[in-house]
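Heads up, the sequence shown is in our numbering, so the first residue is 12 and it goes up one at a time.
I have placed the structure first, in the form of C-alpha cells, so that the comments after it can refer back to it.
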Amino acid sequence: MTPTASYAEQSAAAGRHIMPDLVRAFAVLGIVLVNVAYFAYPGEVTYHYGGLRTSWDSGAYFLVNSFFLFKSYTLFSFMFGVGVAYQMTSAQKRGTGFGARYSRRLVGLLLLGIAHVSFAFVGDILIIYAAFGALLYLFRNRPVKTLKRWAIGLIIVQILMAFAAAAAFYAWNTFDPDDVAKNVAAMQDGFPLYREVYGRGSFKDIMALRWSDWGGFILFSIPLQGPLILAFFIWGLIAVKTGVLTDAKAKIWRKARRFYLPVGVILSLAGAYMIHLSPAPLSSQEMLGTALIVLGSPFSTLGYLGLIAKWVEAPPSRLKTFMARGGTATLSAYLMQSIILSLVFTGYGLGQYGQITAFGCIMLALAVGIASLVFVSLWRKRFAYGPFEFLLRRFTYWGDNR
12 MTPTASYAEQ
22 SAAAGRHIMP
32 DLVRAFAVLG
42 IVLVNVAYFA
52 YPGEVTYHYG
62 GLRTSWDSGA
72 YFLVNSFFLF
82 KSYTLFSFMF
92 GVGVAYQMTS
102 AQKRGTGFGA
112 RYSRRLVGLL
122 LLGIAHVSFA
132 FVGDILIIYA
142 AFGALLYLFR
152 NRPVKTLKRW
162 AIGLIIVQIL
172 MAFAAAAAFY
182 AWNTFDPDDV
192 AKNVAAMQDG
202 FPLYREVYGR
212 GSFKDIMALR
222 WSDWGGFILF
232 SIPLQGPLIL
242 AFFIWGLIAV
252 KTGVLTDAKA
262 KIWRKARRFY
272 LPVGVILSLA
282 GAYMIHLSPA
292 PLSSQEMLGT
302 ALIVLGSPFS
312 TLGYLGLIAK
322 WVEAPPSRLK
332 TFMARGGTAT
342 LSAYLMQSII
352 LSLVFTGYGL
362 GQYGQITAFG
372 CIMLALAVGI
382 ASLVFVSLWR
392 KRFAYGPFEF
402 LLRRFTYWGD
412 NR
C-alpha cells in the first residue's frame, strides 16, 4: 500500500470498507464534544459551577447530553471490536499467531493511555480499552448466538446498574439530605484548588493531580461504562462475523434507523432534560436523567450506525471520502484533541481552566474535533498510517518477521 495512493486505492488494496472509517470519524468527533467538559472543569461537577451562565450554555450542554453522551464511546467501542475481528482474519490469512500480536497491541494501548493521562487528560479511554480488550480475547472464537447473548446480557447489566445508582442517590437525597449538601459543598470548596493547580500550576503539579483524580474517574467509569464497552466490543465482532458491516443495505441497518434511533433519541432527550432541570450535582434527578441516557444509548448507537450505513449507500462525494480517510487515523485524532485542549486549559498552556462557559467549550471542542480530522485526513494523503497508529503498529509487530 503506497502512501500517495488515493483512499479508494488504499482501501481496495487493504480490503477495507468505507463504513468502519466513517463510523470512527463520527465517533471521535462526538467524543471530544463530551470530553471537553473534563478538560475545563472538575469531573464531579463539570459545567455546574460557572459553566452554565446563559441559555446558550444550557442549550449546548443539553444537546451534547442528548446526542453524544454515552453514545460516542459506544461507537468507538464497536469499532474496537471490529478492528479485533479484522486483525484475527488477517492473522488467519497469513498463517501467523494472533495472541502474541494482540497482547502487544493491548500493551501498546496501555502505554499510550498512561502517557495520555500523564501529559494531557484524566479521562483517558485507552487504559480501559486495554483492560476490556483482554476480556474480549476470551470471546474471539465464540459462535454468533453466544456472542449476542453476552452482548445483550451486558447491556442489561449496564442499564440495571445505572438505575440502581439512581435509586441509591434518590435514597441518599431523601433520607440524608444534609450529607448530600455537605458533599456538594465540599466539592464546591475544592473548585478553587482545581482552578489554581490546573489553571496556574506547573506541569508536575498538574500531572500529580491528574493521577490523583484518575482513581476516582476509574471507580466512576468502570461501573457506569464498563459493561457497555465490552458489549459493543462484542457487537463489533458480531458485525464482522455476520458480514453486516460491509452490507450497507442489510436489514439491521434499516431497522436501526426506523426503530432503534427514535427510541434512543426520545430516551436521551428525556434524560438530558432531567439533567438540565437538576438543581445541583449529585441530585437524584440528575442521576435518573443519566440512567435514562444510559438506557437509550444502545438504541441510539445502533441508530447512528444505521444512519451512517444510509450515507454509505449514497453516491461517492469528496466529503465522504475526506471523512473516511480521516477515520483511518482516529487514534491520532483522539490524542491530538487532548493535546490541544490541555494546552488551552492548563497552566503550562493558556490557563483557561474554569474560565470558558459550556457554549464556548463545546464550540471550541467542535473546532478542535474538525481540525483533528482535517489534519489526519491530510496526513493520510502522504503517509500510510497516522502518527500514533504508526507507533502502535510498530510496537504491535515488534519482533515479528512478517
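C-beta: ideal position from N, C-alpha, C; glycine also.
query	result
Taking the beta carbon of W409 as the centre, do at least 16 other beta carbons fall within 10 Å, making it buried, or is it exposed?	exposed
Under 9 Å between the Cβ atoms of F214 and G54?	no
Whose C-alpha, out of Y345, F79 and V323, is nearest the C-alpha of F399?	Y345
Which residue comes first and which comes last in the alpha helix (DSSP H) that contains A131?	From DSSP, A131 is part of no alpha helix (DSSP H); its letter is neither H nor E.
Round the Cβ separation of I245 and A162 to the nearest angstrom and send it over; I've been treating them as touching at under 8 Å.	4 Å
Write down the C-beta distance between V276 and S311 rounded to the nearest angstrom, noting that I regard them as a contact closer than 8 Å.	6 Å
Kindly list the residues whose CB is nearer than 8 Å to the CB of L165, restricted to its own chain and excluding five residues on each side of it in sequence; keep chain order.	P238, L239, L241, A242 and I245
Taking buried to mean at least 16 other C-beta atoms within 10 Å of its own C-beta, is S83 buried or exposed?	buried
Do you know how far the Cα of M285 is from the Cα of G226?	28 Å
Please identify the residue among L146, V128 and F73 whose C-alpha is closest to the C-alpha of V95.	L146
Ordered along the chain, which non-local residues of its own chain (more than five positions away) have a Cβ less than 6 Å from that of Y271?	F310, L313 and G314
Would you mind reading off the limits of the alpha helix (DSSP H) that contains F270?	It is not in any alpha helix (DSSP H) - F270 carries neither H nor E in the DSSP assignment.
Just curious, the alpha helix (DSSP H) that W225 is in, first and last residue?	F214 to T253
Contact defined as beta carbons within less than 8 Å: I believe S77 pairs with L280. What is the distance between those atoms, to the nearest angstrom?	5 Å
Mind checking which residues open and close the alpha helix (DSSP H) that includes A444?	Look at the range of the chain in this structure, 12 to 413, and you will see that residue 444 is not part of it.
Indicate the three-state DSSP secondary structure (helix, strand or coil) for I304 in the structure shown.	helix
Residues in the same chain with beta-carbon distance under 6 Å from I167, minus the five sequence neighbours each way, listed in chain order, please.	none
Might you give, ordered along the chain, the residues of its own chain that have their beta carbon closer than 8 Å to the beta carbon of G360, omitting 5 neighbours on each side?	S353 and L354
Look at the alpha carbon of F91 and the alpha carbon of D189, and state the distance between them as a whole number of angstroms.	44 Å
For P31, collect the residues of the same chain with a Cβ closer than 7 Å to its Cβ; drop the 5 residues on either side in sequence, then sort them by chain order.	M90, V93 and L256
Cutting at 7 Å between CB atoms, please list the residues of its own chain near F401, excluding the five before and the five after it.	none
Three or more C-beta pairs under 8 Å: does that hold for the segment 109-127 against the segment 207-221?	no
Given a cut-off of 9 Å, decide if V387 and I351 are closer than it, judged by their beta-carbon atoms.	no
So, using beta-carbon positions, are L40 and I367 closer together than 9 Å?	no
Quick one: is the Cβ of Y72 within less than 8 Å of any heavy atom of the ligand MN?	As far as ligands go, the structure on display features none, and thus does not contain the ligand MN.
Suppose the cutoff is 6 Å on Cβ atoms and the five residues either side in sequence are ignored; what does the same chain contact list for Q363 look like?	V355 and F356
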